[in-house]
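In what follows, a structure is listed as structure tokens, so that the remarks can point back to it.
Chains as they are written, first to last, in the numbering used here: chain A, 21 to 306; chain B, 21 to 306; chain C, 21 to 306; chain D, 21 to 306.
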């Protein structure tokens, strides 16, 4: 949506009348509901929804609209979130050696596919510096090997805070994040894992895939939690492979899966199309 | 939905407040909205929606609910349709020689994937009689070759009327339907075409595909209109092929596309997940 | 190949000149090499090949041709296998409750897609009896629960021996085979597992997939070894799913993956397009 | 293959003994056949093959090996082609406005996926100049609108000749090539068309696709002939779309198809994995 607007995401216990009340609230203030996605999870008696609203014609200010919603949200026992549009999410990208996911993010951002403002590229190796700097972005090389891990992540936190980063994208970042870091940025870290999770968790998934002789390889974009490669999945891509593909071929073919999965994952997140629900993610894809 | 319920499909000029009003009407009568799909077509200023409603707790009868909606629908300048659930759609399947699509329909109906009541199998060849009769269904062999076309389709109409058929599925039926037949059953005839339309319209699409050397073949499930293979598309499936696949291999590999596409197409139609909009079909897939 | 012919499968240490010598041997006896697939596995210095040969014009008998090859095979330090065409492989299908894979096998066999001779259907539940008997096949109900497992598998062995079964297909057979049974029929048992292996090994993979929130589900056709769900993979199929798909929807959507994967797996095996290489399978797919 | 070697492509009337003789010739000179792909087209009685040979251990020079093959090739009534490895094909990329295909080619070339030497970027608009020059490549802006078409293509020919270009890639180049240009560079021009050919030939295929309401969009990489969008197809990619995708969404989603299809198409061509056979292309994909 290029016009001014709002996105409302909502999660609450399932109950009759939610859509009527929320849509009624929007209509009452002359908001224009342009897209509505909802999911009634009958297994768990939970309700999830995303409302995309054009606001220029509203009879109240956006601030009043948002604050006025509180009583209804509370009555639903809901958690909810409003986002004002247009919006560019402040995003830091963390990398190690390979740059194909970083390149893809830069390229799609340039095309307008990803409404993000990239604040900085943070690497624990220097390999991606050139790509970052060619794109006019600052590159922070942070040593976080061995004993420097704690101080390194301290530095990273400082950068993220100074730059008011809202989203951290691990674009083939090959270090395990500290638990407290995962906890503090819960729901705001997106990773790309180069396998079709939950197959091949951990290191060298393409080598594992080759040894196991799978006929499809994949990549998984997911939210990061303290449990390795186990956070809510946003998007997965697969590609057919054959016996003659060596591990190096899987690396080559897998890059495509990784690039697509991370780009879609970021897009869904920054468009507020994802709602985390325990170990799963609701994704109202577009 | 296995409980008692209603599906409401609605098309109207786009305007603010539709969802609020319809959902409000449902809530007001204590209906429970379990699924809502909507599409605001900003290019054409049209609105499309499907509401799935549990009715057991309603404060009015279903009849009253439906008739009470009329004033609102008229105010929207809408066309709309209600379906009571549970429902089995009375369906005739028309065939010629090959039986793989027929088999798939019978098999999925048996599994409960397709809520249809198959009234009869109608063939212009006798090949599928055995499959039909093994399944306990009556098989009508109707001669509609050459000069017998008009009388043949007259007989078919009689069968369809006597059996109160609501949906006609052309499951690899290899005759072109008369224009008036297409018109009279508009929106109620589903065909499977064995190509990825609009490529390879007409006869022998696999042979055409082989000659053209395409790298993917496909099948298209679509509503039938008087223009050959040009009706609104409901579902398409593709399969990768290579140079060594002879036309007979394309036939073999294409069967899978055909079976899946027709089964999904029927499912979407009988679940009221499709809305025809000129030459296109809105499909709220599940 | 519908004409008379031979398939030669060959595995040996990689070395120059193998293709020249084998193709030379075929040409020398006026065999016609109609298809050749080879794979030089440079990582492991191994060579694998499949030769499909028309034999009607040969200057020697097929028996002489086969026995004459021995010296060359030995010189390569190869293992090899000849199959005379046309051939129908004697195949037993083992089932439990669900019949969709069995149905698919029967259906594709009828169409000529799978050159098998189904000797019998063996079930540890009675559910598939009707499908078997409608198809004119004998159905053996064998109790192999709890204490009856050993005697049950004894009975099965007797049936397999009497009927000279060459291939055992586990078409959603829900019992773990005894280790000695796996060993004795090594390379001759094909299973369909209803997940994208190695994800979701063991019971209830669709339930596991739902809990994990994956965005693609799959099915895996593989050779059976004594290690559960870990044998060489022949074929894998996937299907995209979303958050609103309940476990019962995954079961429904997964059936398609299962049907396709098992049908392709059987086809590749009976056409001698697979070569087992440790934990992996070379598959010269068609 | 990173070692020194040869690729032999061969087309001839089908006849017994071809593989034996060619493989025999290679073995006789101690060449090492590392990959062999063949296709016996029984419908047209034609034989196609690709031999990949390591040459360091050969008993003759590569020149002698190649010239010595002539008698055999003639005896087969074959057309054939040898390529010495390692090889980088001299490639010109022609563009108009959009740069996503160009970017992809540059990116994959940098990664070593495409063994090409990009000689220059030629545009009929100036939009891609920056991308070209950032990559250190010369950019030629050539006016070929209206009356300048003939002189423009004259200039292009001069550039191609001076730079000894072997492959011309049309990376979303939006002009129709003159017939004589197509003829003179026959088999050496690769185009990406942004539809699933033969559907939506010509201009604005995404708009056409939207109007037709297709459920999958695609892209086609093909050799260019004087008949518009009708040359032999090398690769095709598809992506699923829904009713809510506006033409601008199809453009966005289609970019992925285009990027993958053109990258694969170039890779197959420069690895000599394609053989043109009339209106079709044999593709021994890897």
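For each residue, glycine too, the CB sits at the ideal point set by N, CA and C.
In the three-state scheme derived from DSSP, where H, G and I count as helix and E and B as strand, residue 230 of chain B is classed as helix. Between residue 213 of chain B and residue 240 of chain B a beta carbon distance of about 5 Å is seen, short of the 8 Å cut, so the two are scored as contacting. Using a CB distance cut-off of 8 Å, residue 218 of chain A counts as an interface residue toward chain C. Beta-bridge pairing by DSSP links residue 271 of chain B to no other residue. At a cut-off of 8 Å, the C-beta of residue 55 of chain D has a neighbouring C-beta in chain C. Not one beta carbon of chain D lies nearer than 8 Å to the beta carbon of residue 145 of chain A.
With fewer than 16 other Cβ atoms from the protein chains shown falling within 10 Å of its own Cβ, residue 79 of chain C counts as exposed. The beta-carbon separation of residue 279 of chain C and residue 120 of chain C, rounded to 6 Å, stays under the 8 Å limit for a contact. Contact check for residue 60 of chain A and residue 34 of chain A: beta-carbon distance about 5 Å, within the 8 Å limit, so the pair qualifies.
Around the beta carbon of residue 230 of chain D, 16 or more other beta carbons lie within 10 angstroms, which makes this residue buried.
Within a 10 Å sphere around the beta-carbon of residue 144 of chain D sit 16 or more other beta-carbons, which makes this residue buried.
Secondary-structure assignment with DSSP links residue 241 of chain C through a beta bridge to C:212 and C:255. Residue state for residue 148 of chain D is assigned as coil, using DSSP reduced to three classes. Put simply, the backbone Cα of residue 274 of chain C is about 36 Å away from that of residue 47 of chain B. The C-alpha of residue 70 of chain D is placed about 10 Å away from the C-alpha of residue 291 of chain D. Closer than 8 Å to the CB of residue 36 of chain B there is at least one CB belonging to chain A. For residue 40 of chain D, not one C-beta of chain B is nearer than 8 Å to its own C-beta. Cβ contact annotation for residue 74 of chain C (same chain, cutoff 6 Å, sequence separation greater than five): 23, 25, 52 and 54, in chain order. Spanning the alpha carbons of residue 128 of chain C and residue 49 of chain C requires a straight line of approximately 36 Å. In this structure, residue 111 of chain D places its C-beta atom within 8 Å of the C-beta atom of residue 137 of chain D.
If you draw a straight line from the Cα of residue 256 of chain A to the Cα of residue 167 of chain C, it is about 44 Å long. Out of D:87, D:283, D:76 and D:32, the CA that lies nearest to the CA of residue 62 of chain D is found in D:32. Listed by position along chain C, the residues whose Cβ is nearer than 9 Å to that of residue 133 of chain B are 272 and 275.
Cβ contact annotation for residue 99 of chain C (same chain, cutoff 7 Å, sequence separation greater than five): 31, in chain order. Taking 7 Å as the upper bound on Cβ-Cβ separation, chain C lies near residues 123 and 127 of the segment 101-130 of chain B. For the pair residue 268 of chain B and residue 261 of chain B, the Cα-to-Cα distance works out to about 12 Å. Excluding five sequence positions before and after residue 183 of chain C, the CB atoms of its chain that fall closer than 8 Å to its own CB belong to 110, 112, 139 and 140, given in chain order. Residue 235 of chain A has its alpha-carbon roughly 24 Å from the corresponding atom of residue 28 of chain C. In this structure, residue 272 of chain C and residue 133 of chain B form a Cβ contact; the two beta carbons are roughly 6 Å apart against a cut-off of 8 Å. In the DSSP assignment, residue 182 of chain A falls outside any beta strand (DSSP E) and within the unbroken alpha helix (DSSP H) covering 169-182.
For residue 283 of chain B, same chain residues with a beta-carbon under 8 Å away, outside a window of 5 residues either side, are 124, 125, 128, 133 and 134 in chain order. Membership of residue 103 of chain D in any alpha helix (DSSP H) is not indicated; the residue belongs instead to the beta strand (DSSP E) covering 99-105.
Proximity of chain C to residue 64 of chain D at the Cβ level (cut-off 7 Å) is not reached, the minimal Cβ distance being about 14 Å. Secondary structure of residue 198 of chain A (DSSP, three-state): coil. Contact with chain C is found for residue 154 of chain B, since one of that chain's Cβ atoms lies less than 8 Å from the residue's Cβ. The residue among B:189, B:194 and B:219 with its C-alpha nearest the C-alpha of residue 206 of chain B is B:189.
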